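Undergrad: Below are the structure tokens for one structure; questions will follow.
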Amino acid sequence: MWTEFFRPRTLDEVVGQQEIVGRLKQLGTQADFPHMLFSGPPGVGKTTSAEAVINEIFTLAQRAANVKRLNASDDRGINVVREDIKNFARVLPSGGAKFKLIILDEADQMTSEAQHALRRTMETYNEITRFILICNYSSKIISPIQSRCAIFRFKGLQKKEVMSRLQFIATKKKLIVDEKGLEALYESSEGDMRQAINALQAASSLTTEVTDKVVYQVQGYVKPAELSEIIHNCIGSKPNFNAARKKVVNLMEAYGLSGQDLVKHFNGQLSTIPEKDLPGSLRYEALAMLSDVDYRLASGCNPLVQFDAFLAKLIALSQS
Ligand SMILES: Nc1ncnc2c1ncn2[C@@H]1O[C@H](COP(=O)(O)OP(=O)(O)OP(=O)(O)O)[C@@H](O)[C@H]1O
Ligand SMILES: [Mg+2]
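One gets my numbering by counting positions in the sequence shown from 1 and adding 5 to each.
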């Protein structure tokens, strides 16, 4: 997996999140290292930063005995996790480490009862063991824990940050990715670096020259302009059923989209067409028709027949 291979090992390598990285570097040098809570969307560097902190404050030899990684949504159940935490937290640090560290990922999966127990453990063994709790939603962490932690709110990564990291990886992998390809990778992953890197890896299995078209293909993500053209073929002053139909067939074949995928794409695209081209009433009719198509597809109807009917009805409505 490229995401693992290219996971930053140090805080300096972490892309974006400057404010957080700056604070973490400072805290790492302090003796009164606090409990920490990392929150934020998927794939933006939370686990990566926690690992980088470990690398910064523990020597390789110290890590095995002084660092523990746990996942709160572990299928062994929270009781086991709780026992693991307690047993680990109460043993003194060794090998010259100043304290021990528990990284508890997906902490927002814990029930509030489990969180209250955790809070007591955090307090009791505070001198010996520090915690880094990681979650997507800090609001799901009880406030007594929040108030005991330094909170770090990770944000979705910016376009230029994702693009520069992808370019770095592409160069290492001897891939050529054009500007539009990089933009498409960013857009289809919405600031989630893990997803963007996975998409790049998937694209690289098709070709060494990655363009936006390749990205849309592997992501099952349709170029908004192509959907928009189809709709405009149906609502303009000169509707062209055949052109619209051909593009629908093309999309389904080129991108390997199911009928229901296409419904979703159209559904999203309809809201972006300007009011002057698609007045309210027509837009609402079109959305209602799409929901019918969706329903019929779910009950096994033929997608092409359904989209033919959708396009034809849209033309008829826009002409009336
Ligand atoms: N800020 C970043 N800089 C460089 N690479 C990143 C960054 N964020 C994520 N990545 C890449 O994405 C992968 C996943 O990141 P990470 O495990 O840190 O995500 P996360 O924020 O913990 O997400 P989740 O909430 O899903 O656990 C990393 O292995 C790394 O390759
Ligand atoms: Mg993570």
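Beta carbons: idealized from backbone N, C-alpha and C, even for Gly.
None of these values were measured; they are calculated from a predicted model.
Residue 180: which of 196, 152 and 213 sits nearest, CA to CA?
TA: By 1-based counting over the sequence shown, the position of residue 180 is 175. When only C-alpha atoms are compared, the closest one is 213.
Undergrad: Mind reading off the beta-carbon distance from residue 117 to residue 147? Whole number of angstroms is fine, and I expect it under 8 Å.
TA: Here residue 117 is taken as the residue at index 112 of the sequence shown, counted from 1. Here residue 147 is taken as the residue at index 142 of the sequence shown, counted from 1. Residue 117 to residue 147, Cβ: 6 Å. Contact.
Undergrad: Does the beta-carbon of residue 277 have 16 or more other beta-carbons within 10 angstroms, so that it is buried, or is it exposed?
TA: As a first step, residue 277 is located in the sequence shown; it is residue number 272 there, counting from the start. By the neighbour-count rule (16 or more Cβ atoms within 10 Å), residue 277 is not buried but exposed.
Undergrad: Can we say the stretch 177 to 191 touches the stretch 40 to 51, given the rule of at least three CB pairs closer than 8 Å?
TA: No, they do not touch.
Undergrad: Can residue 174 and residue 38 be called in contact, C-beta distance under 8 Å?
TA: Here residue 174 is taken as the residue at index 169 of the sequence shown, counted from 1. Here residue 38 is taken as the residue at index 33 of the sequence shown, counted from 1. It is not a contact, given that the beta carbons lie outside the stated cut-off.
Undergrad: If we ignore side chains and look at the alpha-carbon of each, how far apart do residue 273 and residue 209 end up?
TA: As a first step, residue 273 must be located in the sequence shown, where it is residue number 268. As a first step, residue 209 must be located in the sequence shown, where it is residue number 204. Taking the straight line from one Cα to the other gives about 28 Å.
Undergrad: Applying the 10 Å Cβ sphere with the 16-neighbour rule, what's the burial state of residue 19?
TA: Counting from one through the sequence shown, the residue named residue 19 turns up at place 14. With 16 or more other Cβ atoms within 10 Å, it is buried.
Undergrad: Kindly examine ligand 1 and report whether one of its heavy atoms sits closer than 7 Å to the Cβ of residue 12.
TA: Your numbering for residue 12 matches position 7 in the sequence shown. For residue 12, the shortest separation between its Cβ and any heavy atom of ligand 1 lies below 7 Å.
Undergrad: Would the stretch 199 to 208 count as touching the stretch 236 to 247 if we require 3 or more Cβ pairs under 8 Å?
TA: no
Undergrad: Compare the beta carbon distance of residue 108 and residue 137 with 8 Å and say whether it is the shorter of the two.
TA: Taking the first residue of the sequence shown as 1, we reach residue 108 at position 103. Taking the first residue of the sequence shown as 1, we reach residue 137 at position 132. With respect to residue 137, residue 108 sits close: the two C-beta atoms are nearer than 8 Å.
Undergrad: By DSSP's criteria, residue 110 is part of a beta bridge. Which residues make up the other side?
TA: By one-based count along the sequence shown, residue 110 stands at place 105. Answer is 76, bridged to residue 110.
Undergrad: Just to confirm the assignment, what range does the beta strand (DSSP E) spanning residue 44 have?
TA: By one-based count along the sequence shown, residue 44 stands at place 39. Segment 40 to 44, the beta strand (DSSP E) holding residue 44.
Undergrad: I'd like to confirm something about residue 73: is its beta-carbon nearer than 7 Å to some heavy atom of ligand 2, or not?
TA: Here residue 73 refers to the residue found at position 68 of the sequence shown. Not so, every heavy atom of ligand 2 lies at least 7 Å from the Cβ.
Undergrad: My output table needs one value for residue 63: the three-state DSSP class, helix, strand or coil.
TA: For this step, residue 63 is matched to residue 58 along the sequence shown. Here DSSP, grouped into helix, strand and coil, assigns residue 63 to coil.
Undergrad: From the DSSP output, which residues share a beta bridge with residue 102?
TA: Here the question's residue 102 lines up with position 97 in the sequence shown. Paired residues: none, contrary to the question.
Undergrad: Which residues in the same chain as residue 219 place their Cβ atom closer than 8 Å to its Cβ, once the five residues preceding and following it in sequence are excluded?
TA: Residue 219 sits at position 214 when you count from the first residue of the sequence shown. Excluding positions up to five away in sequence, the list reads 186, 208, 211 and 212.
Undergrad: For residue 105, verify whether its CB is less than 7 Å away from any heavy atom of ligand 2.
TA: Walking along the sequence shown from the start, residue 105 turns up at place 100. Residue 105 Cβ: outside cutoff for every heavy atom of ligand 2.
Undergrad: Given this structure, state the Cα-to-Cα distance separating residue 228 from residue 221, to the nearest angstrom.
TA: What you label residue 228 is simply residue 223 of the sequence shown in a count that begins at 1. What you label residue 221 is simply residue 216 of the sequence shown in a count that begins at 1. Residue 228 and residue 221: Cα-Cα distance of roughly 7 Å.
Undergrad: Determine the direct distance from the alpha carbon of residue 193 to that of residue 133, and round the result to whole angstroms.
TA: Your numbering for residue 133 matches position 128 in the sequence shown. Your numbering for residue 193 matches position 188 in the sequence shown. Using only the alpha carbons, I get a separation of about 44 Å.
Undergrad: Under 8 Å between the Cβ atoms of residue 13 and residue 64?
TA: Here residue 13 corresponds to residue number 8 of the sequence shown, with the count starting at 1. Here residue 64 corresponds to residue number 59 of the sequence shown, with the count starting at 1. Cβ atoms of residue 13 and residue 64: not closer than 8 Å.
Undergrad: The alpha helix (DSSP H) with residue 8 in it runs from where to where?
TA: Here residue 8 is taken as the residue at index 3 of the sequence shown, counted from 1. In the DSSP assignment, residue 8 falls within the alpha helix (DSSP H) that extends over 7 to 10.
Undergrad: Flag this pair as touching only if the stretch 296 to 310 and the stretch 256 to 270 have three or more C-beta atom pairs under 8 Å; answer yes or no.
TA: yes
Undergrad: Would you kindly report the start and end of the unbroken alpha helix (DSSP H) that includes residue 321?
TA: Taking the sequence shown and counting its residues from 1, the one referred to as residue 321 is at position 316. Where residue 321 is concerned, the enclosing alpha helix (DSSP H) stretches over 308 to 324.
Undergrad: Please confirm whether any heavy atom of ligand 2 lies closer than 7 Å to the CB of residue 51.
TA: One-based indexing of the sequence shown puts residue 51 at position 46. Within the cutoff, so yes.
Undergrad: Tell me which residues share the same chain as residue 15 and place their Cβ nearer than 8 Å to its Cβ, disregarding the 5 neighbours each side in the sequence.
TA: If you number the sequence shown from 1, residue 15 lands on position 10. Result list for residue 15: 57, 60 and 61, in chain order.
Undergrad: Taking buried to mean at least 16 other C-beta atoms within 10 Å of its own C-beta, is residue 270 buried or exposed?
TA: Here residue 270 is taken as the residue at index 265 of the sequence shown, counted from 1. With 16 or more other Cβ atoms within 10 Å, it is buried.
Undergrad: Check whether the Cβ of residue 108 lies closer than 7 Å to any heavy atom of ligand 2, and answer yes or no.
TA: Taking the first residue of the sequence shown as position 1, residue 108 is located at position 103. Residue 108: no, Cβ never under 7 Å from ligand 2.
Undergrad: In whole angstroms, what separates the C-alpha of residue 103 from that of residue 35?
TA: As a first step, residue 103 is located in the sequence shown; it is residue number 98 there, counting from the start. As a first step, residue 35 is located in the sequence shown; it is residue number 30 there, counting from the start. Answer to the nearest angstrom: the Cα atoms are 11 Å apart.
Undergrad: Skipping 5 residues on each side, what residues in its chain have a beta carbon closer than 7 Å to that of residue 91?
TA: Indexing the sequence shown from 1 puts residue 91 at position 86. Taken in chain order, the residues that qualify are 126.
Undergrad: Are there any heavy atoms of ligand 2 lying less than 7 Å away from the beta-carbon of residue 25, as far as the coordinates show?
TA: In the sequence shown, the residue the question calls residue 25 occupies position 20. Residue 25: no, Cβ never under 7 Å from ligand 2.
Undergrad: Is any heavy atom in ligand 1 found nearer than 7 Å to the beta carbon of residue 21?
TA: What you label residue 21 is simply residue 16 of the sequence shown in a count that begins at 1. Under cutoff, so the answer is yes.
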